[in-house]
DNA sequence: TATAAATATTGAATAGTATCAATTATATTA
DNA sequence: TAATATAATTGATACTATTCAATATTTATA
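Protein chains in written order, with my numbering: chain V, 38 to 268; chain P, 38 to 268.
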């Protein structure tokens, strides 16, 4: 706790997102007063699909994966969420429930902001609202890609899509592959774990990727894109 | 044209959506001045995935299907859009291009509203903006369902999902099945046309649905939901 | 209405993918 | 570190779904 409390005030937060930059000091202070900060350990569920959503969550520091849980007990991974990203934005106006689950893939500090407070700021600050809407749109695009991948491609194309996405995430500051199991990758591609393992080996033998344990490097991104394109 | 011009003014439009109800007369008049009305024939493409999006489209009267086109030449159907729904809202803040294609499934009157004008009203009228954001959220939920269906279910579950969606659409004022080919249904379910036909027959033999040519009736919605649930 | 074109249906063959079981490698914990 | 648990890999098999080809049916058009 002591270690957390240092960075507990929003306006002192070094991890402030582009969204929060749109807020005035008083708005930021208002948010600060209506939030709680929590530490989630690797593997812990942060929010659960279907649960009542009274807060908007903000990743103050960490690495989180979002996923959908199907009625037949499978998971489809949606995104890797990083420091300074929001969770559960669409619950603000929607059903009041989380539409997907999230889990910490490494120890993560999460700010929980009361939804009503968040909404208040959103209504009063058009700039902030615009930024949020922009976020929605980008997000939608990624969902379309997912639908195309799952709906119109077979194994090779689907794994290529997953690797392209994950590799792009991996290239930024923090490496993510060390935190992902084969099962995680499989759930990004919408494949069984075994098929994923087999295909990864195939890609490796074709010098498309390099594998050292969990670490995966893309050697031939163009070919990977071509495989994605062909489906 | 003569037939169209009668209902060309926004404030006289009988097909005004819940969104437009949020606008003041002057705002409505502003939109009116910055729009064009066009008639699309059945089968015509209304907007094309990837094309530059300078307008927000509004279905003044008609029936439209939205779909994604994959790089390997397949289509995945997303939604049936009806009178008083928007097309291309997410291009307002996003990439400036349409992220999906739409085609008229029957003759449809479409209003094309200059994006910049739409944006102007959106920025100045928070109520209107709220309504639009709410629309985004509902939409996102449907995309999650699609991802779950395509990513975690096999044929029976996927067709059940498609039929449940289409049947719900069908129940409203206008019947939609007469406008849909087996191929269309297949593209909603993410299946081949032949598999779709075979499964439809199977569902019919199991008294889950009734088929008379294009007309499809759901006889046992609970069983259909159960099939969807089990995947 | 007759004819042509498009759509729907069915069967058989093939390709694609998951599942199960066994084994090996890696990570965790006493 | 040894023991145990978890994750990764591989092979064989069974299942799922598409494709191709042929036929029937419906729709559109001259």
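Where a beta carbon is used, it is the ideal one built from N, C-alpha and C, also for glycine.
Cut-off 8 Å between Cβ atoms - residues of its own chain near residue i, not counting five sequence neighbours on either side
| i | result |
| --- | --- |
| residue 215 of chain V | 251, 252 |
| residue 94 of chain P | 83, 84, 123, 124, 125, 139, 147, 148, 149, 150 |
| residue 66 of chain P | 47, 48 |
| residue 172 of chain P | 56, 123, 126 |
| residue 110 of chain V | none |
Where residue i meets chain P, residues with beta-carbon distance less than 8 Å
| i | result |
| --- | --- |
| residue 175 of chain V | 131 |
Proximal residues of chain P, C-beta to C-beta of residue i below 7 Å
| i | result |
| --- | --- |
| residue 189 of chain V | 107, 109, 111, 113 |
| residue 170 of chain V | 130, 170 |
| residue 185 of chain V | 105, 107, 113 |
| residue 121 of chain V | Within chain P, no residue comes near residue 121 of chain V; the closest Cβ sits about 20 Å away, beyond 7 Å. |
| residue 61 of chain V | Within chain P, no residue comes near residue 61 of chain V; the closest Cβ sits about 17 Å away, beyond 7 Å. |
Residues that residue i contacts on chain V, provided the C-beta gap is smaller than 9 Å
| i | result |
| --- | --- |
| residue 78 of chain P | Residues of chain V passing the Cβ test: none, with the nearest at roughly 27 Å. |
| residue 136 of chain P | 174, 177, 178, 181 |
| residue 54 of chain P | Near residue 54 of chain P there are no residues of chain V at all, since even the closest Cβ is about 17 Å away, more than 9 Å. |
Cut-off 7 Å between Cβ atoms - residues of its own chain near residue i, not counting five sequence neighbours on either side
| i | result |
| --- | --- |
| residue 240 of chain P | 246 |
| residue 232 of chain P | 192 |
| residue 45 of chain P | 74 |
| residue 268 of chain V | 189, 190, 191, 194 |
| residue 261 of chain P | 197, 200, 201, 245, 255 |
| residue 230 of chain P | 219, 220, 223 |
| residue 270 of chain V | Absent from the structure is residue 270 of chain V, since the part of chain V shown begins at 38 and ends at 268. |
| residue 71 of chain V | 150, 151, 154 |
| residue 79 of chain P | 141, 142, 143, 144 |
| residue 64 of chain V | 158, 162 |
| residue 40 of chain P | With a pLDDT of 39 at residue 40 of chain P, under the threshold of 50, the modelled position of this residue cannot be trusted; read the value that follows with caution. There are no such residues. |
| residue 259 of chain P | none |
| residue 234 of chain V | 219 |
Nearest-angstrom Cβ-Cβ length linking residue i and residue j, presumed shorter than 8 Å
| i | j | result |
| --- | --- | --- |
| residue 227 of chain P | residue 195 of chain P | 6 Å |
| residue 140 of chain V | residue 83 of chain V | 6 Å |
| residue 130 of chain V | residue 103 of chain V | Contact flag wrong, Cβ pair sits at about 19 Å. |
| residue 107 of chain P | residue 185 of chain V | 5 Å |
| residue 77 of chain P | residue 145 of chain P | 5 Å |
| residue 265 of chain V | residue 201 of chain V | 6 Å |
| residue 156 of chain V | residue 92 of chain V | At roughly 11 Å, the Cβ-Cβ gap does not stay under 8 Å, so residue 156 of chain V and residue 92 of chain V are not in contact. |
| residue 100 of chain V | residue 211 of chain V | 7 Å |
| residue 257 of chain V | residue 244 of chain V | 6 Å |
| residue 121 of chain P | residue 53 of chain P | 7 Å |
| residue 203 of chain V | residue 225 of chain V | 7 Å |
| residue 175 of chain V | residue 177 of chain P | Not really, about 12 Å apart at Cβ, beyond 8 Å. |
Per-residue contacts from residue i into chain P (C-beta, under 9 Å)
| i | result |
| --- | --- |
| residue 267 of chain V | 108, 109 |
Cut-off 6 Å between Cβ atoms - residues of its own chain near residue i, not counting five sequence neighbours on either side
| i | result |
| --- | --- |
| residue 206 of chain P | 117, 213 |
| residue 164 of chain V | 59 |
| residue 198 of chain P | 186, 265 |
| residue 81 of chain V | 141 |
| residue 105 of chain P | 113, 137 |
| residue 179 of chain P | none |
| residue 69 of chain V | 46, 47 |
Beta-carbon neighbours of residue i, restricted to chain V and to distances below 8 Å
| i | result |
| --- | --- |
| residue 88 of chain P | Result: empty, since nearest Cβ-Cβ is about 15 Å, beyond 8 Å. |
Chain-ordered neighbours of residue i on chain V, where CB pairs are closer than 7 Å
| i | result |
| --- | --- |
| residue 218 of chain P | What residue 218 of chain P touches in chain V: nothing, since even the nearest Cβ is about 18 Å away. |
| residue 91 of chain P | Ordered by position in chain V, no residue passes the 7 Å Cβ test against residue 91 of chain P, which lies about 16 Å from the chain. |
| residue 166 of chain P | 166 |
- Item | chain V contacts from the segment 97–112 of chain P (Cβ-Cβ distance under 7 Å) | The segment 97–112 of chain P vs chain V, Cβ under 7 Å: 105, 107, 108, 109, 111.
- Going along the segment 226–248 of chain P in order, which residues come within less than 7 Å of chain V, judged by CB to CB distance? 227
- Message: At a CB distance below 8 Å, what residues from the segment 145–163 of chain V approach chain P? Give them in sequence order.
- Response: 160, 163
- Secondary structure, alpha helix (DSSP H): runs of 4+ residues fully inside the segment 171–228 of chain V: 192–208, 219–226
- Please list the segments of the alpha helix (DSSP H) lying wholly inside the segment 49–100 of chain P, counting only runs of 4 or more residues, in order along the chain. 62–70
- Task: Run through the segment 224–263 of chain P for me and flag every whole beta strand (DSSP E) of 3 or more residues, listed as ranges in chain order.
- Result: 246–249, 252–255
- Go through the segment 117–165 of chain P residue by residue and report every complete run of the alpha helix (DSSP H) that reaches 4 residues or more, in order. Within the segment 117–165 of chain P, the complete alpha helix (DSSP H) runs of at least 4 residues are 152–161.
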